[in-house]
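K.L.:
Chains as they are written, first to last, in the working numbering: chain A, 1 to 406; chain B, 1 to 406. Could you have a look at this structure, given as structure tokens, before my questions?
Number of protein chains: 2
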Amino acid sequence: MADNVLILILDGIGDRPVKELDGKTPLEKAKTPNLDKLAEEGINGIMDTIAPGIIPGSDTGHLALLGYDPYEVYTGRGPYEAAGIGLEVKPGQIAFRCNFGTIEDGKLTDRRAGRIKEGTEELAEAVNDIDLGAEFHFQEAVEHRGVLILKGQGLGADVTDVDPHETGISYHEAEPVVDNKENKKTAEIVNEFTKKTVEVLSDHPINKKRINSGKPPANIILPRGAGAVPQMKPLSENKGLKSAAIAGIPLVKGVCRLAGMDIIDIEGATGGLDTDLEAIMKGIKSNIDEYDFIIANIKGFDLLGHDGLYHDKIKFIEKFDGNLGHLMDLKNIYIAITGDHSTPVTVKGHSGDPSPILIHGEEVRQDDVIKFDERSGTKGGLGRIYGSDVLNVMLDLAKRGEKFGA
Amino acid sequence: MADNVLILILDGIGDRPVKELDGKTPLEKAKTPNLDKLAEEGINGIMDTIAPGIIPGSDTGHLALLGYDPYEVYTGRGPYEAAGIGLEVKPGQIAFRCNFGTIEDGKLTDRRAGRIKEGTEELAEAVNDIDLGAEFHFQEAVEHRGVLILKGQGLGADVTDVDPHETGISYHEAEPVVDNKENKKTAEIVNEFTKKTVEVLSDHPINKKRINSGKPPANIILPRGAGAVPQMKPLSENKGLKSAAIAGIPLVKGVCRLAGMDIIDIEGATGGLDTDLEAIMKGIKSNIDEYDFIIANIKGFDLLGHDGLYHDKIKFIEKFDGNLGHLMDLKNIYIAITGDHSTPVTVKGHSGDPSPILIHGEEVRQDDVIKFDERSGTKGGLGRIYGSDVLNVMLDLAKRGEKFGA
């Protein structure tokens with residue numbers, strides 16, 4: 001009988017040796033009895049999410065881990081953010097991440113409009129009334145964030161950002177990166193869109209109120225991260241799987257939604273350091289019988305890597321390990337634990353260092369690794385594999401693979 | 001001077017830990033002094049025939065091991081079966097595996113026509129006289145088996161099976177999997193073919209005789225496994241090799257024949273458990289000077305994996321190891337021993353678990369592995385390689401490689 005499959009993504013778990021930790025990585029330094037037990041009973045290795053030395057984003061990393069070729073389906077972050085906030089997007093549409101910003105006398109003074117919290121729904125309504133001569137939809141999201149979707153035909157995704165990523169200057173005009181008709185058309189529309197957002201937002205009652213109470217007006221929308229919505233065969237079709245994702249951040253949710261997965265929303269799963277790890281573990285436990293395959297992303301490791309906080313990363317790892325206890329008695333399941341990329345505290349950003357990986361389940365060829373970490377993994381029976389191999393290996397182990405040939 | 005190359009494929013040798021064997025695999029449990037001697041003197045690793053977790057068939061597996069990309073040249077089993085029984089097939093033709101079956105009042109009562117042994121040549125003659133309005137050839141093979149080749153232009157290979165793979169119902173109409181002109185044309189022809197086989201076979205004297213003696217008539221031909229004959233550059237051309245294959249089963253012979261290899265027929269090499277291992281070893285020995293490269297497939301391991309018989313698998317491994325003694329004194333040769341896929345007794349089918357591989361020959365970078373099995377291989381100097389690497393590695397070692405670049 002086929003078993004179920006769980007892939008736990010410890011976002012940014014992989015690290016580099018840290019001088020202050022006697023040359024150990026945070027994961028090597030942390031006390032992780034549960035991870036080590038799974039490593040000891042399982043098979044271990046290291047995993048290049050995309051390829052050795054290639055630095056994955058969370059989006060491209062999860063795409064690879066779900067078996068998609070990011071070089072084929074990824075042209076920008078926009079579509080994944082759009083799907084992540086629940087928008088129905090269709091292949092060929094162009095999506096942008098956006099910020100509400102503040103512009104005064106032609107110069108940006110705040111790229112986040114004072115992290116505006118209220119009134120963006122009304123502002124979005126006004127924006128959607130703009131007559132652009134082209135079909136579009138703008139959707140506000142959390143705080144100053146939003147998503148713009150261009151829906152017409154013959155649009156390109158390879159255009160530069162309107163958002164200049166700094167203040168004190170004007171916004172940029174989007175320009176085609178590759179000079180062709182499609183990219184030109186997109187650039188023209190998005191530039192016109194930006195110009196008109198200033199027109200309709202500047203005198204909007206919400207903004208008048210903001211100015212009166214001393215807050216920066218949200219009087220421009222700044223698109224960035226253009227991408228074409230990809231054609232992705234859902235996992236139900238290309239792997240025959242009923243599958244679901246648990247993730248705190250919209251970007252990862254969006255990748256999983258575009259892979260046709262259900263999204264399991266867990267109260268308290270925030271994608272932050274305050275995320276409710278116990279709730280996540282219990283959410284996995286209560287849903288794993290419902291699904292052939294669940295992927296769960298825990299983000300905190302990555303945040304602490306970005307901030308270079310090795311002690312806090314150790315602490316968060318140990319906290320995770322404690323909560324992992326809730327899953328230790330699961331039966332009839334293959335569990336993989338790995339990262340979507342490394343986020344070394346020495347780099348304070350993503351890196352292409354491979355992530356450790358363990359696979360636990362009844363019929364794995366158990367090896368003699370007894371610890372889950374970057375260097376123990378190199379001695380394991382899995383060797384060095386690719387992110388795009390992970391799901392196939394898991395499905396094969398769980399007797400859910402399909403033979404290619406006769 | 002260049003050495004000769006031998007690749008021994010122990011079909012389905014790889015396995016998973018078996019509870020009843022104290023968590024060892026059959027290969028780990030078996031006493032294999034000859035394999036272990038070659039492992040000790042050689043270099044070892046594990047090998048993913050196609051890619052980690054991908055479950056190869058015997059056909060796609062051997063294609064990869066001969067350096068072909070199965071995703072490029074494999075559309076179905078038919079052409080390899082056709083070539084395997086010695087038919088001359090040409091790129092673009094569509095080939096099907098077929099069974100003689102028994103149909104009564106529109107319902108299949110036997111998918112193998114009582115495993116008919118005699119008279120199929122005459123039945124095939126009648127079938128080949130059918131006026132189909134399209135060029136075709138039907139060739140009977142062992143017992144109830146046969147092959148159908150459609151020879152016209154503009155034919156597609158992506159059609160469903162006529163053979164319903166069960167009895168008590170009618171046969172299926174072949175349908176295009178992808179709806180295009182080419183597949184439609186193939187489906188129409190093969191459906192018409194099936195219908196007409198019932199017409200010409202039902203009153204055939206051979207079948208009247210069978211009915212009179214209480215045997216089920218062979219009164220329908222059931223095509224399945226459609227595939228387009230691929231364009232494959234022969235090994236003589238793309239690797240400059242005079243090469244030959246030894247194999248018990250037509251499918252593997254067919255892959256090798258389409259790779260332009262000679263087929264060495266060895267009396268007693270059956271592809272079954274009764275195969276004459278000594279004759280195979282002696283056949284290799286007496287032919288290895290004639291050929292730059294020989295590949296030999298021994299099937300028994302796979303059969304016992306399919307049946308879940310771990311004790312018998314151990315015994316067959318030990319029997320093979322004993323006969324391997326005949327090759328231990330070969331000189332000026334590089335020998336690789338591996339599988340085309342795993343067939344774990346716990347899975348009772350093919351799996352994507354990597355196969356162990358050893359390479360033995362004068363100039364290999366000998367490692368410290370001293371046993372040939374799934375887990376010892378993971379500690380070896382070869383690491384984890386792909387099936388498509390194997391022949392290149394062997395040719396390079398044997399000083400038969402060609403430099404790419406200057």
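Ideal Cβ placement from N, Cα and C applies to all residues, glycine included.
1. Could you tell me how far apart the beta carbons of A95/B and G227/B are, in whole angstroms, since I believe they sit closer than 8 Å?
2. Do you know how far the Cα of A336/A is from the Cα of G322/A?
3. To the nearest angstrom, how far is it from the Cα of V390/A to the Cα of G53/B?
4. Using 9 Å as the limit for Cβ to Cβ distance, is K403/A near chain B?
5. Within its chain, find whatever has a CB closer than 6 Å to the CB of I359/A; leave out the 5 residues flanking it on each side and keep chain order.
6. Consider the Cβ of H421/B: report whether some Cβ of chain A lies at a distance smaller than 9 Å.
7. Looking only at its chain, what residues have a beta carbon closer than 7 Å to the beta carbon of D367/B, apart from the 5 residues adjacent to it on each side?
8. Report the neighbours of K399/A on chain B: residues whose CB is nearer than 7 Å to its CB, in chain order.
9. For E143/A and K107/A, what's the separation of their Cα atoms in angstroms?
10. Exposed or buried, what is E290/B when buried is set at 16 or more other beta-carbons lying within 10 Å of its beta-carbon?
11. Give, in chain order, every unbroken run of the beta strand (DSSP E) that is at least 3 residues long and sits entirely within the stretch 316 to 380 of chain A.
12. Could you tell me the alpha carbon to alpha carbon distance between V147/A and G254/A, rounded to whole angstroms?
13. Which of helix, strand or coil does DSSP assign to N212/A?
14. Considering only heavy atoms of the ligand HEM, does any lie closer than 8 Å to the CB of V198/A?
15. Quick check: G387/A and P356/A, are their CB atoms within less than 9 Å of each other?
16. Ends of the beta strand (DSSP E) at H172/A?
17. Which residues does DSSP pair with D48/A in a beta bridge?
18. Around the Cβ of K404/B, are there at least 16 other Cβ atoms within 10 angstroms (buried) or fewer (exposed)?
19. Taking 9 Å as the threshold (beta carbon to beta carbon), is T160/B in contact with chain A?
20. Please compile the residues from chain A whose C-beta is within a distance smaller than 9 Å of the C-beta of Y386/B.
21. Less than 6 Å between C-beta atoms, sequence neighbours within five positions excluded: which residues of the same chain meet that for L38/A?
22. Using a Cβ-Cβ cutoff of less than 6 Å, which residues in the same chain neighbour T186/B once the five nearest sequence positions on both sides are dropped?
23. Chain A partners of E374/B, CB-CB under 7 Å?
24. Since L324/A contacts M281/A with CB under 8 Å, what's their CB separation in whole angstroms?
25. Just checking: is the beta-carbon of L251/B within a distance shorter than 9 Å of some beta-carbon in chain A?
26. Distance, Cα to Cα, Q139/B vs I220/B?
27. Any beta carbon from chain A within less than 9 Å of A51/B's own beta carbon?
28. How should V178/B be labelled, buried or exposed, when 16 other C-beta atoms within 10 angstroms of its C-beta is the threshold for buried?
29. 9 Å is my cut-off, CB to CB: does P344/B come that close to chain A?
30. So is H466/B buried or exposed if we call it buried at 16+ other beta carbons inside 10 Å?
31. Counting Cβ pairs closer than 8 Å, one from the stretch 1 to 13 of chain B and one from the stretch 299 to 318 of chain B, do we hit at least three?
32. Give the DSSP-derived three-state secondary structure of N219/B in the structure shown.
33. Run through DSSP, which three-state label would F301/B get?
34. Counting only beta-carbon separations shorter than 9 Å, does M261/A have a partner in chain B?
35. Distance, Cα to Cα, L63/B vs D69/B?
36. If I follow the unbroken alpha helix (DSSP H) through D158/B, where does it start and stop?
P.N.:
Concretely, from the data shown:
1. 6 Å
2. 17 Å
3. 8 Å
4. yes
5. G42, I43, A336
6. Limits of chain B in this structure are 1 at one end and 406 at the other, which puts residue 421/B out of reach.
7. I43, N44, G380, G381
8. V347
9. 22 Å
10. exposed
11. 333 to 338, 355 to 360
12. 12 Å
13. helix
14. This structure lacks the ligand HEM, and indeed carries no ligand of any kind.
15. no
16. First-last for H172/A: undefined, no H or E at that position.
17. Y386/A
18. It is worth fixing the name first, because residue 404/B is Phe in this sequence and not Lys. It counts as exposed.
19. no
20. Neighbours of Y386/B on chain A: none; closest Cβ ~11 Å, over 9 Å.
21. L358, H360
22. I94, L155, G156, V159
23. R365
24. 7 Å
25. yes
26. 14 Å
27. yes
28. exposed
29. yes
30. Limits of chain B in this structure are 1 at one end and 406 at the other, which puts residue 466/B out of reach.
31. yes
32. coil
33. helix
34. no
35. 7 Å
36. Looking at the DSSP string, D158/B is not in any alpha helix (DSSP H), and its letter there is neither H nor E.
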